[in-house]
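Going left to right, the sequence shown walks through residues -19 to 149 as the working numbering numbers them. Where is the CB? At the ideal position from N, CA and C, for every residue including glycine.
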Amino acid sequence: QQDPQQDPQKDPQQDHPQYSQIDLQPDLQDLQQEEESIDPVSKFFEGRWNSFVFKYRYLITLAFFGWLAFAMTQAFQISPLTKGEKFIDDYHYMIRAYTIFKQEFDRSVQQKRYIWNQVVLGIEGIDRSSIDKWNPGEVGTTKYDPEFDLADPAAQEFVQELFETLKVN
-19 QQDPQQDPQK
-9 DPQQDHPQYS
1 QIDLQPDLQD
11 LQQEEESIDP
21 VSKFFEGRWN
31 SFVFKYRYLI
41 TLAFFGWLAF
51 AMTQAFQISP
61 LTKGEKFIDD
71 YHYMIRAYTI
81 FKQEFDRSVQ
91 QKRYIWNQVV
101 LGIEGIDRSS
111 IDKWNPGEVG
121 TTKYDPEFDL
131 ADPAAQEFVQ
141 ELFETLKVN
C-alpha cells in the first residue's frame, strides 16, 4: 500500500473535507464585509500612514534625532533665576508705599540724623480754594505777607535767632 503523502495523484481535499472549496467561499465573503465595515481612521492608519512612515523612515528618524539634539541643548542652558520675579509694576501704589517705607522713611538714620528743611519767610499761606483736588499737580497759589520786610533790623535779628535755633536743634 502506498503512503498518501507520497502519492502525487491524490487530492488533499479528499483527506480533509473541512478545507474544501465550498467551505472557503463564505469565509471570503465575511472577510470582504469586514473590510468594508472598517472605520475611515483605521483605513487611513492601515494604508496611507503605514506606507508614508515606511517610505520616509530614515528622514523621520533623522528629524527626530535633530529635534532631540536641539531640545537637549536648550535644556542644558536652563539656569536658576538671578533675580526675583516682578509680579507687580514698580509704579503700583502698594509697591510705591513699600519703597517709601523701606528706603525713605528712615532717611534721617541714613543721613547721620540730619533732616534737611527749607525755611520760607514772608508767606501767609497757600490759597487752595480754587484747586482741583483730583489733580495732584495743583498745589494752590502762594499768599505773600504784605507786612513782611527783611530790611527791618528787628526782622533780621529774628531770622538770625531762628537759624541759630534750627542749627542747635
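Could you give the first and the last residue of the continuous beta strand (DSSP E) run that contains Glu104?
Ile103 to Asp107
Alpha helix (DSSP H) containing Thr79: first to last residue?
Tyr73 to Thr79
Quick check on Thr145: does DSSP put it in helix, strand or coil?
helix
Between Glu104 and Lys123, which are expected to be in contact by the criterion C-beta below 8 Å, what is the C-beta distance as a whole number of angstroms?
5 Å
Over the uninterrupted alpha helix (DSSP H) stretch that includes Tyr38, give me the two end residues.
Arg37 to Phe56
Restricting to Cα atoms, I'd like to know which of Lys147, Gly120 and Ile68 is closest to Trp96.
Lys147
Where does Lys23 fall in DSSP's three states?
helix
For Ile157, I'd like the list of residues in its chain whose CB is within less than 8 Å of its CB, leaving aside the five on either flank, ordered along the chain.
Here the chain covers residues -19 to 149 and nothing more, so residue 157 does not appear.
Hey, could you find the ends of the beta strand (DSSP E) Thr121 is sitting in?
Thr121 to Tyr124
DSSP state of Pro116, grouped into three classes?
coil
If you reduce the DSSP assignment to three classes, tell me which class Asn97 lands in.
coil
Collapsed DSSP secondary structure at Ser31 in the structure displayed:
helix
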